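Written out below as structure tokens is the structure these notes cover.
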Amino acid sequence: MRNQSIILLMIFLIAGCGGPPKGQKKDDFQLPPQLVKVMTVRTETYVPLIRAMGQALPVREVTLSVEQPGKLQFLPAEVGETVFEKSPLARVRSLGLWSRRNQATAQVQEIETALGQAESDYKKVKELYDRGAVTNRELETADLLFKTRRTQLSAAKAGASQLDETMYGTGMYAPFTGEISAKYQEVGNYVNMGTPLYKIVDLSVIRVIVGVSELDLKHVGQHDKVWITPLAYPDRGIEGVVHSISPAQDPQLGAFPVELRFANVLKTPLPAVKTTGNGAAPVQRKWWILAGMTLRVKISKPPVTGLFVPAEALVERQGKMWVFTVPATADEKTAGEAVMQEVTLGRTYEGWYELTGGLAPGARVVIAGNTKLRDKAKVRAQTVETGINRELVDAQTKATPTPVPESGAPGTPPAPGTTLVPGTTPAPATTPASPGKERAP
Numbered sequence: 001m002r003n004q005s006i007i008l009l010m011i012f013l014i015a016g017c018g019g020p021p022k023g024q025k026k027d028d029f030q031l032p033p034q035l036v037k038v039m040t041v042r043t044e045t046y047v048p049l050i051r052a053m054g055q056a057l058p059v060r061e062v063t064l065s066v067e068q069p070g071k072l073q074f075l076p077a078e079v080g081e082t083v084f085e086k087s088p089l090a091r092v093r094s095l096g097l098w099s100r101r102n103q104a105t106a107q108v109q110e111i112e113t114a115l116g117q118a119e120s121d122y123k124k125v126k127e128l129y130d131r132g133a134v135t136n137r138e139l140e141t142a143d144l145l146f147k148t149r150r151t152q153l154s155a156a157k158a159g160a161s162q163l164d165e166t167m168y169g170t171g172m173y174a175p176f177t178g179e180i181s182a183k184y185q186e187v188g189n190y191v192n193m194g195t196p197l198y199k200i201v202d203l204s205v206i207r208v209i210v211g212v213s214e215l216d217l218k219h220v221g222q223h224d225k226v227w228i229t230p231l232a233y234p235d236r237g238i239e240g241v242v243h244s245i246s247p248a249q250d251p252q253l254g255a256f257p258v259e260l261r262f263a264n265v266l267k268t269p270l271p272a273v274k275t276t277g278n279g280a281a282p283v284q285r286k287w288w289i290l291a292g293m294t295l296r297v298k299i300s301k302p303p304v305t306g307l308f309v310p311a312e313a314l315v316e317r318q319g320k321m322w323v324f325t326v327p328a329t330a331d332e333k334t335a336g337e338a339v340m341q342e343v344t345l346g347r348t349y350e351g352w353y354e355l356t357g358g359l360a361p362g363a364r365v366v367i368a369g370n371t372k373l374r375d376k377a378k379v380r381a382q383t384v385e386t387g388i389n390r391e392l393v394d395a396q397t398k399a400t401p402t403p404v405p406e407s408g409a410p411g412t413p414p415a416p417g418t419t420l421v422p423g424t425t426p427a428p429a430t431t432p433a434s435p436g437k438e439r440a441p
């Protein structure tokens, strides 16, 4: 009985696993059409940029020293302090120069008195000579004494002036208002003529020297506006101008040096102090841009208007360049035919190509998923909003040309997207502007 049950079960399994009846077909399994990404080609105006990097340089930088040797007795400033124009910065021991100067002054006064007496005597003798009361020899003697005193006065004044210059050389004064960037000596050290004591920099205006190739030099002109972004503040921008263009190529740069300038910005307002004296607190200005900071520079070229596609949209086949276009009805659910269209390329701009023929504005071009695509293949399309300006032009703010009211706490970094305006605290951001020759790129 048990054997019969096993036999019946095997027969049932064999019957259940059999193929379909004759004439019945299996259902074919079909994959959905490939999903590709497409963009709509539109006429755009793009401003190509010359990109460069440089270091911030002060508009003026000098190394100061005394003109006379001696032991330092006065060296008040420290690194980072602001010094004002003509303020004393150093003095060496005068070694008796004051007494010599007083002697020279007394000698000048004595000779001036004697000269006055000699002039009076000469006039009296001349009057008597005209009346015949004195001889010609007496007149000549009075005239000689008068001329001698006059020569002695000139020599005495020259000696006093020389002492004045020597005494002035024992001191050192700030040639302009700026910051102490280096201090090389201390009080008590003996220094010779020309020994460096301080280095002072003027950061009110920043210079940047960048190299521009000979191909791009024709697009750069003096007084052109440029856009400068500090590496330390990537979300901030400063508008500068082209100050000068070198007529000779720099062998080290392999390009033509172009100097740019822009006004620096104080983090906090400068105190109402013009001079500092004994017991006065030192003044320290805090600038946003310091000497040596790395700056990114963008210089605009003439704008270009046309159709642009990214390099990913191009397919090279049979020695020609093609793109795939899809109909407007194709979307993520509805399939359409991807048609190959030959295109003619113009100039390239950082991964984007200008199209000079083959497409019309409004065409939908495949930009992803086209590497193995065939002509007239069925695809689904996912639209991507992109363009050469959206991809290559950074979000940036046009610099405000006039000062704006101060805002924010002193010393607080400006918010992202703000512009540094010379002479003020950071200003609120304005509407971003596309780069151009008359506006910041």
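Each residue of the sequence shown is one higher than the one before, counting from 1 in my numbering. Here a beta-carbon is modelled for each residue, glycine too, at the ideal position from N, C-alpha and C. Please read these numbers as outputs of a predicted model, since none were measured by experiment.
Going by the beta-carbon positions, is the gap between Leu-295 and Leu-231 smaller than 8 Å?
The sequence position of residue 295 within the sequence shown is 295, counting from 1. The sequence position of residue 231 within the sequence shown is 231, counting from 1. Yes, Cβ-Cβ distance for Leu-295 and Leu-231 is below 8 Å.
Under the rule that 16 or more other beta-carbon atoms within 10 Å means buried, what is Ala-395, buried or exposed?
The residue labelled residue 395 in the question sits at position 395 within the sequence shown. Residue confidence is low: Ala-395 scores 34 on pLDDT, short of 50, so the model does not pin down where it sits. No coordinate-derived value is stated.
Is the number of C-beta pairs between the stretch 186-206 and the stretch 61-79 that are closer than 8 Å three or more?
Enough Cβ pairs lie closer than 8 Å, so yes.
With distances taken Cα to Cα, identify the nearest neighbour of Val-205 among Pro-303, Leu-57, Leu-145, Leu-128.
Stepping through the sequence shown from its first residue, residue 205 is reached at position 205. Out of Pro-303, Leu-57, Leu-145, Leu-128, Leu-57 has the C-alpha closest to the C-alpha of Val-205.
Between Thr-40 and Leu-307, is the Cβ-Cβ spacing less than 8 Å?
The sequence position of residue 40 within the sequence shown is 40, counting from 1. The sequence position of residue 307 within the sequence shown is 307, counting from 1. In this structure, Leu-307 does not lie closer than 8 Å to Thr-40 by Cβ.
Under a Cβ-count criterion, where at least 16 other Cβ atoms within 10 Å of its own Cβ denotes burial, should Ala-447 be classed as buried or exposed?
Outside the displayed span of the chain (1 to 441) sits residue 447, for which this structure offers no information.
Check Gly-417 in the structure and name its three-state DSSP category.
Here residue 417 corresponds to residue number 417 of the sequence shown, with the count starting at 1. Bear in mind that the predicted position of Gly-417 carries a pLDDT of just 41, short of 50, making it unreliable; the figure below should be weighed with that in mind. It is coil, neither helix nor strand.
With hydrogens ignored, establish whether the beta-carbon of Val-384 is closer than 7 Å to any heavy atom of the ligand PLP.
Only the bare structure without any ligand can be found here, which leaves the ligand PLP out of the picture.
Check this for me: beta carbons of Trp-352 and Ile-388, under 8 Å apart or not?
Translated into positions along the sequence shown, residue 352 becomes position 352. Translated into positions along the sequence shown, residue 388 becomes position 388. Cβ atoms of Trp-352 and Ile-388: closer than 8 Å.
Residues bridged to Gly-369 by DSSP?
Numbered from its first residue, the sequence shown carries residue 369 at position 369. DSSP lists no partner for Gly-369.
Going along the chain, which residues of its own chain have a beta-carbon closer than 8 Å to the beta-carbon of Leu-253, five neighbours each way excluded?
Residue mapping note: residue 253 aligns to position 253 of the sequence shown, counting from 1. So the list reads Gly-211, once near-sequence residues are dropped.
From Gly-80 to Ile-200, what does the alpha carbon distance come to, in whole angstroms?
Position 80 of the sequence shown, counting from 1, holds the residue named residue 80. Position 200 of the sequence shown, counting from 1, holds the residue named residue 200. In a straight line, the C-alpha of Gly-80 is about 9 Å away from that of Ile-200.
Excluding the 5 residues preceding and the 5 following Ser-65 in the sequence, name in chain order all residues of the same chain whose CB lies nearer than 8 Å to its CB.
Position 65 of the sequence shown, counted from the first residue, corresponds to residue 65. Cβ neighbours of Ser-65 beyond the five flanking positions: Met-172, Val-191, Met-193, Gly-194, Thr-195, Pro-196, Leu-197.
For the candidate residues Val-187, Val-59, Leu-35, Thr-305, whose alpha-carbon lies nearest to that of Glu-354?
For the purposes of this step, residue 354 is identified with residue 354 of the sequence shown, where counting begins at 1. Closest by alpha carbon: Thr-305.
Which value, in whole angstroms, describes the spacing of the CA atoms of Lys-301 and Ala-174?
Position 301 of the sequence shown, counting from 1, holds the residue named residue 301. Position 174 of the sequence shown, counting from 1, holds the residue named residue 174. Cα to Cα, Lys-301 sits roughly 42 Å from Ala-174.
Name the two residues that bound the continuous beta strand (DSSP E) containing Pro-58.
For this step, residue 58 is matched to residue 58 along the sequence shown. Per DSSP, Pro-58 belongs to the beta strand (DSSP E) from 57-64.
Under the DSSP definition of a beta bridge, which residues are partnered with Arg-101?
Along the sequence shown, read from residue 1 onward, the residue named residue 101 stands at position 101. DSSP output for Arg-101 lists no bridge partner at all.
Can you tell me where the beta strand (DSSP E) with Thr-356 in it begins and where it stops?
The residue you call residue 356 lines up with position 356 of the sequence shown. Per DSSP, Thr-356 belongs to the beta strand (DSSP E) from 352-357.
Using DSSP bridges, identify the partner residues of Ile-200.
Residue mapping note: residue 200 aligns to position 200 of the sequence shown, counting from 1. According to DSSP, which records beta bridges pairwise, Ile-200 is partnered with Val-62, Ile-180.
Do Phe-324 and Val-384 count as a contact pair if the criterion is CB distance below 8 Å?
Against the sequence shown, residue 384 aligns to sequence position 384. Against the sequence shown, residue 324 aligns to sequence position 324. No; because the gap between Cβ atoms is not below 8 Å, this pair is not in contact.
Give me, in chain order, the residues of the same chain whose beta-carbon lies closer than 6 Å to that of Thr-45; leave out the 5 immediate sequence neighbours on both sides.
Within the sequence shown, numbered from 1, the residue matching residue 45 stands at position 45. For Thr-45, where only same-chain residues beyond five positions count, the Cβ hits under 6 Å are Pro-303, Thr-305.
Of all the options Trp-287, Gln-382, Ile-209, which has the alpha carbon lying nearest to the alpha carbon of Pro-257?
By one-based count along the sequence shown, residue 257 stands at place 257. Among Trp-287, Gln-382, Ile-209, the Cα nearest to that of Pro-257 is on Ile-209.
Considering only the alpha carbon of each residue, which of Val-379, Thr-356, Ala-313, Ala-311 lies closest to Glu-337?
As a position in the sequence shown, residue 337 is number 337, starting the count at 1. Answer by Cα proximity: Val-379.
Go through its chain and collect everything with a Cβ distance to Gly-54's Cβ below 7 Å, but skip five positions before and after it.
Here residue 54 is taken as the residue at index 54 of the sequence shown, counted from 1. Same-chain partners within the cutoff: Val-208, Ile-209, Val-210, Leu-295, Val-297.
Please list the terminal residues of the continuous beta strand (DSSP E) segment that includes Leu-35.
In the sequence shown, the residue the question calls residue 35 occupies position 35. Residues 34-40.
Please go through the same chain and pick out, in chain order, the residues whose beta-carbon is closer than 6 Å to the beta-carbon of Val-83, but skip the five residues on each side of it.
On the sequence shown, residue 83 is found 83 positions in, with the first residue counted as 1. Hits under 6 Å: Ala-77, Ala-174.
According to the Cβ coordinates, are Val-92 and Thr-170 closer than 8 Å?
In the sequence shown, counting from the first residue as 1, residue 92 sits at position 92. In the sequence shown, counting from the first residue as 1, residue 170 sits at position 170. Yes, Cβ-Cβ distance for Val-92 and Thr-170 is below 8 Å.
Bridge partners of Gly-70, per DSSP?
Here residue 70 refers to the residue found at position 70 when the sequence shown is read from its first residue. Gly-70 is bridged to Val-191.
Helix, strand or coil for Thr-82? Go by DSSP, reduced to three states.
As a position in the sequence shown, residue 82 is number 82, starting the count at 1. Looking at Thr-82 - three-state DSSP - the assignment turns out to be strand.
If we ignore side chains and look at the alpha-carbon of each, how far apart do Arg-100 and Thr-151 end up?
The count along the sequence shown starts at 1 and reaches residue 100 at position 100. The count along the sequence shown starts at 1 and reaches residue 151 at position 151. If you take the alpha carbons of Arg-100 and Thr-151, they lie about 21 Å apart.
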